[in-house]
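Trainee: First residue of the sequence shown? That's 4 in the working numbering, and the numbers climb one at a time after it. For every residue, glycine included, the Cβ atom is placed at its ideal position computed from N, Cα and C. Pasting in a structure now, in structure tokens, and then I'll have a few things to ask.
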Amino acid sequence: MNFLPKVPRLRLIVVGDRDEFCPLPQLEKLFEGQPEDKRPEIKVVSGSSHFFAGREKPLYSILLEYPLD
Numbered sequence: 004m005n006f007l008p009k010v011p012r013l014r015l016i017v018v019g020d021r022d023e024f025c026p027l028p029q030l031e032k033l034f035e036g037q038p039e040d041k042r043p044e045i046k047v048v049s050g051s052s053h054f055f056a057g058r059e060k061p062l063y064s065i066l067l068e069y070p071l072d
């Protein structure tokens, strides 16, 4: 997970609030020192684990609504 701040042009991270591999508090801490305009947007799928099992519709909605430009 420590590699994420080094990913060029990373703009969006979708995470489950029950993610056992990438807990939200740890994910947010990774980007604390970065300027606001360099941080990716973090979207949270409630009730979801790392693999979004049973929460595919909310995940799909987030991805559909995100601008690609």
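1. Work out the CA separation of H53 and E23 for me, nearest whole Å.
2. Could you round the C-beta distance between E44 and R21 to whole angstroms and report it? I think they count as a contact, below 8 Å.
3. By the 10 Å Cβ neighbour count, where 16 or more other Cβ atoms means buried, how is V10 classified, buried or exposed?
4. Report the three-state DSSP secondary structure of E68 (helix, strand or coil).
5. Short of 6 Å in beta carbon distance, which residues of its chain neighbour S49, apart from the five on each side in sequence? Order them along the chain.
Mentor: Based on what the coordinates show:
1. Roughly 6 Å separates the two Cα atoms.
2. Taking C-beta atoms under 8 Å as the contact rule, E44 and R21 fail to qualify, at a distance of about 20 Å.
3. So V10 ends up on the exposed side.
4. DSSP places E68 within a helical segment (H, G or I) once states are collapsed to three.
5. Answer for S49: D20, listed in chain order.
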